[in-house]
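The opening position of the sequence shown corresponds to residue 72 in the working numbering, with each subsequent residue numbered one higher. All C-beta atoms, glycine included, are put in the ideal place defined by N, C-alpha and C. Note that the structure is predicted; figures quoted are calculated from it, not measured. What follows is one structure encoded as structure tokens, with my remarks underneath.
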Amino acid sequence: MSLNEQVAIVTGGSRGIGQAICIELARQGATVLAAARGVARTREWIAAEPELASRLIAVELDVTDKAACARLIDEAAEKHGRLDILVNNAGITRDGLLMSMEDDQFDQVIQTNLTAAFWLCRAAVRHMIRARRGRIINIASISGVMGNAGQANYAAAKAGLIGLTKSIAKEVGKRGVTCNAVAPGFIETEMTDILPDQLKQNVKQLIPLQRFGTPAEIAGLVAFLSGPAASYITGQCIVADGGLHM
């Protein structure tokens with residue numbers, strides 16, 4: 072197992088892509104703190120993974136609380152003696168057309184999807200650079216690469232996350248820490264399940280692979296970036312969208 076004895080924190084770990092990332096990192100041998108506001112839901116799915124349960128820890132976290140973000144990082148590093156992997160996956164949408172978008176719609180998405188990642192990265196690198204090792208993976212979105220009508224707030228946050236990733240990579244690379252982003256396209260989650268069937272079919276026609284991706288496919292990519300095989304990859308935004316954007 073390539074991540075044996077390593078310690079990882081995954082935000083937004085209660086469902087969907089975050090849940091899949093937690094499971095895959097644990098399968099690779101890491102001890103994973105699945106951080107989410109919905110900790111009861113996290114405990115439910117952990118209970119359904121008995122073979123991995125000893126390496127999965129449900130942690131409550133509101134990523135819009137700056138102090139809580141720093142506390143989670145520091146307490147995890149202190150309790151486990153190390154912090155090897157941080158995956159910033161927590162995110163929300165508050166879609167709306169630009170002319171009708173309220174300030175709080177924009178601000179909430181920026182704070183949850185971008186500012187929180189900055190807080191967590193800032194706290195994590197303090198531990199990682201001392202250890203001269205670490206992996207940070209930020210979950211962006213194809214919307215941050217292409218833009219998307221009705222998602223000015225979300226696209227801006229995810230584009231900002233890509234820029235944050237590249238800047239961190241340049242700052243901490245000489246200390247043995249890598250920082251990369253993954254930009255998923257349309258993935259089979261609760262967010263896409265609610266889309267009308269006709270819309271889903273129309274979108275699939277635009278994707279060369281003719282289907283949506285799965286959370287497990289994104290999790291596999293995150294596990295690769297977390298492991299030794301990706302030791303010479305940093306500052307990259309890897310798009311996983313079935314070929315939608317080329």
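For the 7 angstroms CB-CB criterion, histidine 316 and methionine 217 form a contact.
For glutamate 173, the secondary structure class from DSSP, reduced to helix, strand or coil, is coil. If you draw a 10 Å sphere on the C-beta of serine 125, you find fewer than 16 other C-beta atoms in it, and that means exposed. Judged by their CB atoms, alanine 101 and glycine 83 are not nearer to each other than the 7 angstroms cut-off. By DSSP's assignment, glutamine 222 forms a beta bridge with Gly167. Annotation: the continuous alpha helix (DSSP H) that includes alanine 111 extends over 110-118. With a contact defined as Cβ atoms closer than 8 angstroms, phenylalanine 189 and leucine 132 miss out at about 15 angstroms. The straight-line gap separating the alpha-carbon atoms of threonine 113 and glutamate 120 is approximately 11 angstroms. Residue burial is scored here from C-beta neighbours: tyrosine 225 has at least 16 other C-beta atoms within 10 angstroms and is therefore classed as buried. Taking the CA atoms as reference points, arginine 193 sits about 24 angstroms from isoleucine 289. Here glycine 109 is not near serine 73, since their CB atoms are 7 angstroms or more apart. With respect to the 7 angstroms criterion, alanine 148 and leucine 154 are classified as neighbours on the basis of their beta carbons. In the displayed model, alanine 230 falls within a helix according to three-state DSSP. Within the DSSP bridge table, the entry for alanine 129 names Ala105 as partners.
For the 7 angstroms CB-CB criterion, leucine 157 and isoleucine 210 do not form a contact. For glutamate 173 and alanine 223, the gap between their C-alpha atoms comes out near 11 angstroms. Per the coordinates, the alpha-carbon of valine 248 lies some 44 angstroms from the alpha-carbon of glutamine 269.
A direct Cα-Cα distance of roughly 43 angstroms separates isoleucine 128 from methionine 170.
The beta carbons of alanine 105 and cysteine 93 sit about 5 angstroms from each other, so the pair counts as a contact at 8 angstroms. Cβ-Cβ distances below 6 angstroms link leucine 296 to Ile208, Asn251 in the same chain, with the five nearest sequence neighbours on each side left out; the list follows chain order.
According to the DSSP assignment, valine 274 belongs to the alpha helix (DSSP H) that extends over 268-277. Sequence-distant Cβ neighbours of leucine 280 in its own chain, meaning closer than 8 angstroms and more than five residues away, are Gly313, Gly314. Counting the other CB atoms within 10 Å of its CB gives glutamate 115 a total below 16, which places it among the exposed residues.
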